[in-house]
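So the structure is just underneath, and the comments pick up after that.
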Amino acid sequence: MQRVERTPVGEWLPSPCMSVCSMHPQTGWCLGCYRNLAEIAEWANMSPHQQRDVWNNIHQRMASETL
């Protein structure tokens, strides 16, 4: 997350993929990167702003410890 926070707004962000690719049956989030299938599928087509929103969602999901 620190690398994302240091990336200037408007620049493309690194993919959150951790190469785990296993979905949690209750939340629908990947166990490695905490994204849902739609976020994973659309990542390459997202604007930098949309990618930042996904990263913010990931941070919130990790903090919620619901996995």
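Just add 2 to wherever you are in the sequence shown, counting from 1, and you've got my numbering.
All C-beta atoms, glycine included, are put in the ideal place defined by N, C-alpha and C.
Keep in mind that this is a model prediction, so the values were computed, not measured.
What would DSSP say about residue i, mapped onto helix, strand or coil?
i, result
"residue 25", "strand"
Rounding to the nearest angstrom, what Cα-Cα distance links residue i and residue j in this structure?
i, j, result
"residue 61", "residue 50", "16 Å"
"residue 17", "residue 38", "13 Å"
"residue 46", "residue 64", "22 Å"
"residue 29", "residue 15", "24 Å"
Do residue i and residue j have their CB atoms nearer than 9 Å?
i, j, result
"residue 36", "residue 58", "no"
"residue 33", "residue 24", "yes"
Closest to residue i by C-alpha separation, out of the options, would be which residue?
i, options, result
"residue 11", "65, 55, 43", "55"
"residue 66", "19, 31, 13", "31"
Decide if residue i is buried, meaning its Cβ has at least 16 other Cβ atoms within 10 Å, or exposed.
i, result
"residue 53", "buried"
"residue 13", "exposed"
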